[in-house]
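The sequence shown begins at 0 in numbering that gives the first Met the number 0 and counts up by one. Ideal Cβ positions, reconstructed from N, Cα and C, are used throughout, including at glycine. Quick caveat: nothing in here was measured; it's all calculated off a predicted structure. Below is one structure, written out as structure tokens; the observations come after it.
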Amino acid sequence: MKKVEFKIYGVVQGVGFRPFISKLATSLSLGGWVKNTSECVELELIGKEEKIEEFLQKLKGDPPPLSKIVKIEKIKEEPFHRSYKPPFKILKSEETKTVSRDKLWIPPDVGTCDACLKEIFSPNDRRYLYPFTNCTNCGPRFTIIIDLPYDREKTTMRAFKMCEDCEREYHDIRDRRFHAQPNACPKCGPQIKLLDREGKEVQGEPLENTLRFLKEGKILAIKGLGGFHLALDALNKEAIMELRRRKRRPHKPFALMAFAPERILKFAEITPEEKELLLSPARPIVLLKKKRNSILPEEIAPNNKYLGFMLPYTPLHYMITKEFDALVMTSGNLSDEPIVYENEEAISKLKDIADFFLIHNREIYTPCDDSIVINKSIIRRARGYTPLPIVGDEELPPILGCGGEEKASFALSRDNTIILSQYIGDLKDIEALDRYEMLIDRFKNLFGIEPRYVVCDLHPLYLSTKYAEKTGLPMLKVQHHHAHLASCMWENGLKNEVIGIILDGTGYGEDETIWGGEILVGDFLKFKRMAYFKPIPLPGGEKAIREPWRIALSYLRKIGKEELIKEAKAKEILRMLELGINSPLSSGCGRLFDAVSAFLGIRKEISYEAQAAIELEGIADENEEESYSTELSESNGRILIDWRKMWKELISDMEKGVPPEKCAMKFHNYVVNSLVEATNVVRKVTNINDVVLSGGVFQNQIILRKTIENLTKRGFKVYHHNEIPTNDQGLAVGQIAICASKIKKGEL
Ligand code: ZN
Ligand code: ZN
Ligand code: FE
């Protein structure tokens with residue numbers, strides 16, 4: 000028998016940790032105790048050594064759902080000889096005056112729990128229909144915390160003094176609201192208000208009016224946890240079209256919110272895993288397979304295979320969605336600007352979009368968008384996940400990773416973790432850049448991190464690169480696709496050299512051309528470019544990305560079939576290509592998708608990022624097993640993935656009248672087969688069997704699934720992203736991993 004004492008650091012308080020520990024210990028017949036301290040959870044275990052080991056394995060493998068363990072420190076260990084082993088106990092919390100901020104962690108916002116939900120719909124409860132009901136298991140956290148340690152006085156709830164009843168709950172250790180910092184009730188807490196576009200209060204009951212206006216087809220700006228949504232009745236086609244017109248957003252899919260999974264089933268399919276995700280405390284938007292012929296207007300997500308659904312995550316959302324099959328709930332912002340989160344800002348910015356504003360007086364301190372998940376992979380990491388640390392097993396020096404530009408996000412390292420910021424937006428927008436800078440300062444302050452190094456992308460014009468240069472810290476620039484590779488290695492705990500299949504639209508290459516269809520071999524210290532898609536000139540650069548028919552023209556010109564593109568401006572663009580004016584070379588895999596989509600007549604010009612590729616995936620007939628011919632060649636010791644045969648066969652299919660659905664799938668198969676073949680060649684040369692998949696193209700579920708399947712069949716060990724976005728939001732993590740390794744090696 001042994002007696003062992005531990006300290007557990009991480010997001011471990013206010014997440015049901017102590018009861019969990021107590022239950023687990025008792026089930027393994029361990030004695031001892033657990034208690035909260037100002038910095039961590041401390042616990043003592045008494046029992047057989049193998050039982051203590053089992054306890055730790057179970058705790059690490061399956062911790063309480065809202066927690067995140069960063070470190071378990073063993074502080075004492077001694078033999079235990081007495082014959083009586085005391086039962087396991089939860090001890091009184093121990094508070095010390097001086098708390099070191101760099102030991103504290105901040106929990107993310109948590110969706111309304113079942114117990115609170117029951118209260119708000121119980122007419123006799125004192126919180127009946129109260130929109131700000133929460134408890135220790137749910138409610139706002141990250142978005143209301145102004146400073147640490149996490150106490151009410153240091154949150155935006157400090158403006159509200161608890162009434163006697165709330166105070167009693169707060170101090171009663173047996174109560175669900177014991178130390179629930181945002182605790183509130185209708186008597187003492189925040190209130191909602193409905194305003195018109197002039198900011199004047201609408202007479203009457205705000206909730207009733209909100210429901211009435213939504214039913215009439217009005218567009219409402221509704222303040223939530225991390226910012227404003229624009230809401231409307233999702234079955235009202237005119238209202239949807241009106242929002243598209245006012246927002247100048249013709250096609251980009253809108254997110255939806257429904258009261259319960261059963262209601263979503265009318266419109267989309269839900270697997271058991273997806274249901275679990277929808278109901279999880281993070282309540283992300285989950286991309287679900289759209290059902291054909293549902294009554295939901297196609298205009299919600301035109302030509303898209305998926306619908307982005309989330310469940311309500313505040314009592315207010317529950318009270319509103321209860322009355323509808325589904326609501327559109329899209330981020331409240333102007334085109335590419337970051338999400339609006341302050342009352343006055345909302346009215347001034349959104350007055351031409353929303354008819355009414357449902358606001359409240361609980362201030363949002365840190366804005367945070369909704370997260371998006373597809374097939375268990377987070378592709379936009381924000382509310383519900385941020386700022387949970389991503390835990391590794393080695394200590395890291397304090398580094399700021401500046402990320403990319405279009406899906407901007409930064410990261411900071413502390414202890415053995417990387418803390419990735421929420422998705423911010425495109426830094427080319429001045430307001431997004433402001434928010435990026437504000438959030439970097441805020442994270443540094445909240446987590447007590449003073450970075451000693453900064454790492455950024457190799458792209459000289461990225462605004463994140465410029466930010467890095469301004470810090471004056473020792474700086475490292477990392478090639479875009481190397482950062483993608485490292486990000487996937489870090490997430491999967493890999494240390495040794497791997498093959499990385501990195502597919503995206505655009506990344507600055509070491510040779511100053513645009514890369515993006517790459518097979519690399521590398522680790523955290525170095526990489527080699529082994530194979531890539533044969534590059535193509537992009538006539539007009541950025542413009543070609545917005546008008547994919549130009550890229551199709553560029554490809555077809557390479558096989559002498561340019562006459563197949565009938566656009567009015569085709570002649571002019573051909574001249575541009577002939578003279579090589581403003582036509583940068585790109586190996587970006589995303590561009591090949593764009594071109595095929597344009598050629599098949601699916602999408603010739605886009606109104607949101609990756610639209611052509613998304614719609615190509617959307618129509619692909621997954622039952623088609625045939626593929627266009629792959630073709631590998633060599634250039635300067637590197638493998639070139641050629642697409643000329645593919646294009647010729649695609650053209651001949653089109654001429655034979657093969658439906659575009661089949662062509663689209665044969666193209667997807669071609670991409671997968673080409674990559675798998677090239678990876679096989681790389682394995683022969685390097686003897687490396689581990690493959691990481693990263694880059695925005697892997698949001699394409701056909702490409703992701705088939706690449707994993709085919710590589711696995713050939714004996715590769717394949718890793719991809721789940722926690723860290725595969726797109727550019729994940730870059731900052733890879734940048735930090737690379738920077739830390741170089742520091743450790745003395746290379747920086
Ligand atoms: Zn609750
Ligand atoms: Zn109260
Ligand atoms: Fe990228």
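The chain-ordered list of residues whose CB is nearer than 5 Å to some heavy atom of ligand 2 reads Cys162, Cys165, Cys184, Lys186 and Cys187. The continuous beta strand (DSSP E) containing alanine 230 extends over residues 227 to 232.
A direct Cα-Cα distance of roughly 49 Å separates arginine 243 from leucine 747. Comparing alpha carbon positions, the residue from Asn635, Phe212 and Leu599 closest to glycine 656 is Leu599.
Exposed is the label assigned to glutamine 202, since fewer than 16 other Cβ atoms lie within 10 Å of its Cβ. For proline 314 and glycine 188, the gap between their C-alpha atoms comes out near 14 Å. Its chain contains Arg17, Val40, Glu41, Leu42, Ile89, Leu90, Lys91, Ser92 and Glu93 as the residues whose beta carbon lies nearer than 8 Å to that of lysine 34, once the 5 sequence neighbours on both sides are disregarded; these appear in chain order. DSSP places isoleucine 500 within a strand segment (E or B) once states are collapsed to three. By alpha-carbon distance to leucine 55, the top candidate from Pro64, Pro63 and Ile71 is Ile71. Of all alpha-carbon atoms in Ser370, Ile51, Leu27 and Ser82, the one lying nearest the alpha-carbon of glutamate 4 is that of Ile51. Around the beta carbon of arginine 451, a 10 Å sphere encloses fewer than 16 other beta carbons of the protein chains shown; the residue is thus reported as exposed. Restricting attention to alpha helix (DSSP H) runs no shorter than 4 residues, the stretch 412 to 483 encloses them at 429 to 445 and 462 to 470, ordered along the chain.
In chain order, Cys165, Tyr169 and Arg176 place their CB closer than 6 Å to the CB of asparagine 182, counting only its own chain and leaving out the 5 sequence neighbours on each side. Contact between tyrosine 435 and leucine 426 holds, with the beta-carbon distance rounding to 6 Å and staying under 8 Å. Note that the stretch 397 to 414 touches the stretch 730 to 740; at least 3 beta-carbon pairs, one per stretch, sit closer than 8 Å.
Residues with their Cβ less than 6 Å from any non-hydrogen atom of ligand 3, running along the chain, are His479, His483, Asp503, Gly506, Gly694, Gly695 and Asp727. Glycine 492 counts as exposed, since fewer than 16 other C-beta atoms from the protein chains shown sit within 10 angstroms of its C-beta.
DSSP, reduced to helix, strand and coil, places asparagine 35 within a strand of the structure shown.
Taken through DSSP and simplified to helix, strand or coil, isoleucine 105 comes out as coil. Of all alpha-carbon atoms in Ile723, Leu29 and Gly31, the one lying nearest the alpha-carbon of isoleucine 378 is that of Ile723. The bridge partners DSSP lists for isoleucine 7 are Val40 and Ile71. One alpha carbon belongs to arginine 545, the other to tyrosine 554, and they sit about 16 Å apart.
Threonine 706 is not bridged by DSSP to any residue. Residues whose Cβ lies closer than 5 Å to any heavy atom of ligand 1, listed in chain order: Cys112, Cys115, Cys134, Asn136 and Cys137.
Alanine 220 is a Cβ neighbour of leucine 229, given a cutoff of 7 Å. For methionine 240, the enclosing alpha helix (DSSP H) covers residues 236 to 246. Taking the Cα of asparagine 292 as reference, the smallest distance to any Cα among Leu194, Leu264 and Ile143 is reached at Leu264. The stretch 174 to 224 contains, as complete alpha helix (DSSP H) runs of 4+ residues, the segments 205 to 214 (chain order). Here the C-alpha atom of aspartate 324 lies approximately 20 Å from the C-alpha atom of asparagine 303. In this structure, DSSP gives tryptophan 646 a helical state, which the three-state scheme calls helix. In the structure shown, the three-state DSSP call for serine 606 is coil. Under DSSP, aspartate 689 forms a beta bridge with Lys716. Relative to the Cα of tyrosine 364, the nearest Cα in the group Glu268, Glu676, Thr155 and Ile735 belongs to Thr155.
Residues Pro280, Arg282 and Tyr312 of the same chain have their beta carbon placed closer than 6 Å to that of glycine 110, with the five preceding and five following residues left out of the count.
Scanning Ile371, Gly636, Glu204 and Gly403 for the CA closest to the CA of leucine 357 turns up Glu204. Boundaries for tyrosine 149: no beta strand (DSSP E) harbours it, and the DSSP string shows neither H nor E there.
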